[in-house]
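Student: This is the structure, below, for whatever I ask next.
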Amino acid sequence: MRRILRDFFSFFMCCLRSIRRLIKYDRRLNHNFAVGKLVLTDTSPQTPTSETLRYGHQDTSYKAAGEFEGIKQLVDHFYDAMETLPEAKTIREMHPADLTESRDKLTRFLCGWLGGPKLFSEKYGSIRIPVAHRHLEIGPAERDAWLLCMKVAADQQDYAESFKQYLLEQLYVPAERSRNRD
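In this note's numbering, the protein residues as written are 81 to 262.
Below, the structure written as structure tokens:
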């Protein structure tokens, strides 16, 4: 019983820290955040348009990303960027030498996360982002390196600019939730 209470308390505190961080970095407050040498700015319109509303609704983001094959290509470019960018050296070292399983897991996760089929849970079971990454030391630099790799990968895709912006803004949330140190 003590272990259950301790685990619950630990999870609860992790959630509170994540909420505080998300409030601090809330994009709607027009806060800019740095990603390596890149600064993402809030360019979204104040009033949602039909174009901005379509993402995040049912499977529209999954389709905008090119479904499974498009997401697989995004992930391949993501890990290629991780291999080559000097800013990503630390996060690359957190991964195994063979990235086959990492590529598969991220592809499957993103499919479900973007509103497509829940392929990650079908193969690997359920996932809680903070718990899955708690064995790693992830601070702002590692989070920003991860986002930079994703930015580089998204720029190589034939996505609408509005979807690229939406995707990077949305990916900030799980990237921040993975952070476990300042």
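Using N, Cα and C, we set each Cβ at its ideal position, and we do this for glycine too.
From a predicted model like this one, the values you see are computed outputs, not experimental measurements.
1. Considering just the uninterrupted stretch of the alpha helix (DSSP H) at Gly192, what are its terminal residues?
2. Cα-Cα, which of Tyr246, Ile218, Gly219, Asp178 is closest to Lys231?
3. Would you check if there are 3 or more beta carbon pairs closer than 8 Å linking the stretch 139–151 to the stretch 187–201?
4. For Thr187, count neighbouring C-beta atoms within 10 Å of its own C-beta (all shown protein chains included) and say buried if the count is 16 or more, exposed if not.
5. Taking all protein chains shown into account, do 16 or more other C-beta atoms lie within 10 angstroms of the C-beta of Ser206, making it buried, or fewer, making it exposed?
6. Of all the options Trp226, Ala212, Lys185, which has the alpha carbon lying nearest to the alpha carbon of Met162?
7. Exposed or buried, what is Arg263 when buried is set at 16 or more other beta-carbons lying within 10 Å of its beta-carbon?
8. Do you know whose CA, among Asp139, Ser182, His175, lies nearest Val155's CA?
9. For Ser258, is the classification buried or exposed, using 16 other Cβ atoms within 10 angstroms of its Cβ as the cut-off for buried?
10. Is it buried or exposed, Ser130, if we count other Cβ atoms within 10 angstroms and call 16 or more buried?
11. Whole angstroms are fine: how far does the CA of Ser201 sit from the CA of Arg208?
12. Could you tell me the alpha carbon to alpha carbon distance between Leu199 and Glu167, rounded to whole angstroms?
Tutor: This is what the structure holds:
1. First-last of the alpha helix (DSSP H) with Gly192: 180–193.
2. Tyr246
3. yes
4. Thr187 counts as buried, since at least 16 other C-beta atoms from the protein chains shown sit within 10 angstroms of its C-beta.
5. exposed
6. Nearest C-alpha to Met162: Trp226.
7. Since the displayed the chain opens at 81 and closes at 262, residue 263 lies outside it and no answer follows.
8. Ser182
9. buried
10. Annotation note: pLDDT 49 at Ser130 (below 50); position unreliable, coordinate value reported separately. Exposed, since its Cβ has fewer than 16 Cβ neighbours within 10 Å.
11. 11 Å
12. 30 Å
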